[in-house]
Ligand SMILES: [Zn+2]
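Numbering (this note's numbering), first residue to last: 44 to 127.
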């Protein structure tokens with residue numbers, strides 16, 4: 044499994060902005076389900092409070108971490124033939 048490419052999406056709130064993660068394959072829908080507009084913000088800026096004016100979605104943050112972890116985890120088949 045390959046880690047999905049992520050973009051940072053933004054959602055306008057009555058009082059400011061909220062930033063979310065979305066997969067590049069579905070940039071209009073955040074990982075947490077929010078409707079977002081894609082931005083040019085680099086994903087590695089995510090969570091850095093001084094980088095932007097707005098809030099970072101904590102749910103998207105943990106969902107992305109879980110997706111990356113799942114992508115990095117070895118396949119669940121111990122005892123199988125080595126991959127050489
Ligand atoms: Zn979110």
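All C-beta atoms, glycine included, are put in the ideal place defined by N, C-alpha and C.
For residue i, which residues from the same chain have a beta carbon less than 6 Å from its beta carbon, with the 5 sequence-adjacent residues on both sides left out?
| i | result |
| --- | --- |
| residue 98 | 61 |
Go through its chain and collect everything with a Cβ distance to residue i's Cβ below 7 Å, but skip five positions before and after it.
| i | result |
| --- | --- |
| residue 80 | 52 and 53 |
Check whether the Cβ of residue i lies closer than 7 Å to any heavy atom of ligand 1, and answer yes or no.
| i | result |
| --- | --- |
| residue 114 | no |
| residue 111 | no |
| residue 77 | yes |
| residue 74 | yes |
| residue 98 | no |
For residue i and residue j, I'd like the C-alpha separation in whole angstroms.
| i | j | result |
| --- | --- | --- |
| residue 65 | residue 118 | 25 Å |
| residue 88 | residue 69 | 20 Å |
| residue 96 | residue 56 | 12 Å |
Would you decide whether residue i is buried or exposed? Buried here means 16 or more other CB atoms lie within 10 Å of its CB.
| i | result |
| --- | --- |
| residue 116 | exposed |
| residue 50 | buried |
| residue 74 | buried |
| residue 107 | buried |
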